[in-house]
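Note sheet for the following structure.
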Amino acid sequence: MIKILLVEDDKWFAESLVLMLKKDFELRFCSDPEAVFGVVESWQPDLLLADMILGEKNLFVLLNEMQSYADTRNINVVILTSSADSIKLRDVARFNVKKILDKSTITPEILKTVLHDCAASSRGFSRSNLNYDDREYQK
Amino acid sequence: MNEARGELLGGETDFFGVDFAPSLIAAAHELKSPLVLLRQLTFQIEDDKDSKTVRRMRLTTERALRLADNLTKAARLDDAMFSCEPIQLSNLCAAAIEEMQPLADALAVKIRFRPTRISRIAIGNRELLHALLVGLIDNALHYANGKSIEVATRFFDNKMVVSVSDAGNNISLDEFRKLKNAIGRTNLPLSSRPLSSGLGLMIATKFAAAMNGQLSVKRRAAGGMTFMACLPTSQQLSLLEL
């Protein structure tokens with residue numbers, strides 16, 4: 132089953148998402164972006180589903196950090212936010228963000244389809260590189 | 002207009018010397034969060050007996066979310082974030098009608114669409130125009146009194162006009178004159194339309210103006226009102242159509 136790490140500071144919203152998605156995906160939930168790295172290392176998700184504003188913190192600090200490491204840089208990211216109109220995909224594509232979804236209009240069907248598509252492209256690439264040494268990968 | 006109030010939207014403020022626009026954007030965002038959660042929670046309720054209630058809850062939160070979104074857009078108009086482009090109005094109208102169809106179904110109101118036979122390309126901002134149209138349709142649906150509403154486009158006086166008509170309660174000539182004078186400048190609640198503070202209309206006028214267009218209103222003899230957004234047309238593309 133596709134493994135998705137959900138990063139969301141609104142616990143009720145997160146619980147609702149888990150209920151919506153648990154039949155189709157294997158899910159873990161983190162509300163603190165600083166705890167994400169630990170979960171990524173131990174659990175190795177196929178996809179990150181994250182809100183943009185995480186309390187006082189910002190998702191992009193985390194995503195920038197993820198780009199620094201071989202085992203996290205290729206994990207695909209889907210942003211689920213209520214401020215979707217304030218960012219453009221081309222501006223965040225360098226963080227491996229594949230899709231920006233609007234919380235206020237998304238439906239369960241569309242969300243599941245997008246997650247399936249984005250996780251599928253992540254799986255084919257990231258798993259095959261997790262065992263490579265960083266220097267080997269950069270050749 | 003009361004000068005102490007100043008102009009609330011569009012970045013112009015002299016509301017006690019405070020720039021209100023950023024606060025408005027922040028307030029709209031704060032308003033969106035609980036509404037987004039409420040909408041999300043409706044997906045959890047799966048009991049068939051409550052499906053009608055659930056649908057109404059979702060449609061109502063979506064209405065409120067649209068207003069919060071529009072407040073944010075209106076407060077950002079002066080930031081010049083909304084550029085204009087050629088737009089095929091019929092396609093835009095069809096998309097707006099499709100978006101509002103669930104609400105129309107829930108209110109048992111038909112949306113009729115009457116596109117113009119003379120096709121011209123309008124110049125506008127897709128996001129603002131979509132929001133303007135959806136807002137007008139939303140308003141019309143709630144004052145349709147169970148009858149149908151009509152969305153129409155036409156080419157008139159070298160402009161593309163998109164209109165939304167409802168067959169709601171008749172408003173008095175006096176109220177109508179006040180509305181025409183106040184449109185876009187201040188909120189004006191109408192006694193015959195008690196659910197409306199006029200805020201949506203004010204925002205729609207600002208959106209139209211941001212696209213070098215204009216919002217106007219006509220009182221229908223048979224009852225109800227027609228709101229019209231007039232937009233400039235593309236002169237370059239019109240040459241190709243000759």
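Just so you know, the protein sequences line up as chains A and B, in that order.
The numbers in our numbering rise by one with no breaks, and the one at position 62 of the first sequence is 193.
The numbers in our numbering rise by one with no breaks, and the one at position 128 of the second sequence is 129.
Note that CB positions come from ideal geometry on N, CA and C, so glycine has one too.
This structure is a prediction, so every number in the text was calculated from the model and none was measured.
Self-check item: Spatial distance of K142 of chain A from D158 of chain B (CA atoms)
Solution: Taking the straight line from one Cα to the other gives about 55 Å.
Quiz item: Among B:A168, B:K160 and B:S84, which one has its Cα closest to the Cα of E151 of chain B?
Solution: For the residues B:A168, B:K160 and B:S84, the minimum Cα distance to E151 of chain B belongs to B:A168.
Exercise. Could you please tell me which residues of the stretch 21 to 40 of chain B, in chain order, have their CB closer than 8 Å to any CB of chain A?
Key: Going along the stretch 21 to 40 of chain B in chain order, one finds H30, K33, S34, L36, V37, L38 and R40 with a Cβ nearer than 8 Å to chain A.
Practice problem: Could you tell me if F228 of chain B is buried or exposed, where buried requires 16 or more neighbouring beta carbons within 10 angstroms of its beta carbon? | Solution: By the C-beta density criterion, F228 of chain B is buried, having at least 16 other C-beta atoms within 10 angstroms.
Quiz item: Between the stretch 74 to 92 of chain B and the stretch 141 to 150 of chain B, do at least 3 Cβ pairs fall closer than 8 Å?
Solution: Contact fails: fewer than three Cβ-Cβ distances are below 8 Å.
Quiz item: How about V228 of chain A and I210 of chain A: do their beta carbons lie closer than 8 Å?
Solution: A distance below 8 Å separates the beta carbons of V228 of chain A and I210 of chain A.
Quiz item: Under 8 Å between C-beta atoms, does L185 of chain A make it to chain B?
Solution: Taking a beta-carbon distance threshold of 8 Å, L185 of chain A does not count as an interface residue toward chain B.
Quiz item: How about F83 of chain B: is its C-beta nearer than 8 Å to some C-beta of chain A?
Solution: Not one chain A Cβ lies under 8 Å of F83 of chain B.
Quiz item: Taking only beta-carbon atoms, is A230 of chain B less than 8 Å away from chain A?
Solution: So no, A230 of chain B is outside the interface.
Exercise. Determine the chain A residues that contact L66 of chain B at a beta-carbon separation under 7 Å, and present them in chain order.
Key: S235, listed in chain order.
Self-check item: 8 Å Cβ shell around I184 of chain A - same chain, five flanking residues per side excluded
Solution: Excluding sequence neighbours, I184 of chain A sits near D140, L190, T212 and S214.
Practice problem: Starting from the beta carbon of Q45 of chain B, find every residue of chain A whose beta carbon is closer than 8 Å, and list them in chain order. | Solution: Within chain A, the residues near Q45 of chain B are S147, L150 and M151.
Quiz item: Is DSSP giving P87 of chain B helix, strand or coil here?
Solution: Shown here, P87 of chain B sits in a strand according to DSSP, grouped into three states.
Exercise. Pick helix, strand or coil for S199 of chain A, following the three-state DSSP scheme.
Key: Correct three-state label for S199 of chain A: coil.
Quiz prompt | Candidates B:P233, B:A210, B:A28 and B:L38: closest to S235 of chain A by CA position | solution = Comparing Cα-Cα distances from S235 of chain A to each of B:P233, B:A210, B:A28 and B:L38, the minimum goes to B:L38.
Quiz prompt | Top-ranked residue by Cα proximity to R221 of chain B, from B:A145, B:A97, B:L36 and B:D79 | solution = With distances taken between Cα atoms, R221 of chain B lies closest to B:A145.
Quiz item: Are any of the Cβ atoms in chain B nearer than 8 Å to that of W143 of chain A?
Solution: Against chain B, the CB of W143 of chain A has a partner CB under 8 Å away; the residue lies at that interface.
Quiz item: Three-state secondary structure (DSSP) at F244 of chain B?
Solution: Given that chain B is displayed from residue 2 to residue 243, the structure contains no residue 244 of chain B and the question cannot be resolved.
Self-check item: Residue-level contact to chain A via CB, L78 of chain B, 8 Å cutoff
Solution: Under the 8 Å criterion on CB atoms, L78 of chain B is classed as non-interfacial with respect to chain A.
Quiz item: Helix, strand or coil: how does DSSP classify I241 of chain A here?
Solution: Under the three-state reduction of DSSP output, I241 of chain A falls in the helix class.
Quiz item: In chain A, which residues lie with their C-beta within 7 Å of the C-beta of L42 of chain B?
Solution: By Cβ distance, chain A contributes S147.
Quiz item: Using a beta-carbon distance below 8 Å, is F256 of chain A in contact with chain B?
Solution: Confidence at F256 of chain A is low in this model, with a pLDDT of 47, below 50, so the placement of that residue is unreliable and no value is reported for it.
Quiz item: Does the stretch 113 to 125 of chain B come within contact of the stretch 49 to 68 of chain B, defined as at least 3 CB pairs closer than 8 Å?
Solution: Taking a cut-off of 8 Å for Cβ pairs, the stretch 113 to 125 of chain B and the stretch 49 to 68 of chain B do not touch, as fewer than three such pairs fall below it.
Exercise. Using the DSSP secondary-structure output, state which residues sit across from S247 of chain B in a beta bridge.
Key: What the structure shows of chain B is the stretch from 2 to 243, and residue 247 of chain B is not part of that stretch, so it cannot be assessed.
Quiz item: Rounded to a whole number of angstroms, what is the C-alpha to C-alpha distance between L142 of chain B and L108 of chain B?
Solution: When rounded, the distance between both Cα atoms is 7 Å.
Quiz item: In whole angstroms, what separates the C-alpha of N213 of chain B from that of L232 of chain B?
Solution: Going from the Cα of N213 of chain B to the Cα of L232 of chain B covers about 7 Å.
Quiz prompt | P239 of chain A: contacting residues in chain B (beta-carbon distance under 7 Å) | solution = By Cβ distance, chain B contributes F44.
Quiz item: Given a limit of 8 Å on CB to CB distance, which residues of the stretch 212 to 224 of chain A reach chain B?
Solution: Cβ contacts with chain B: S213, S214 and D216.
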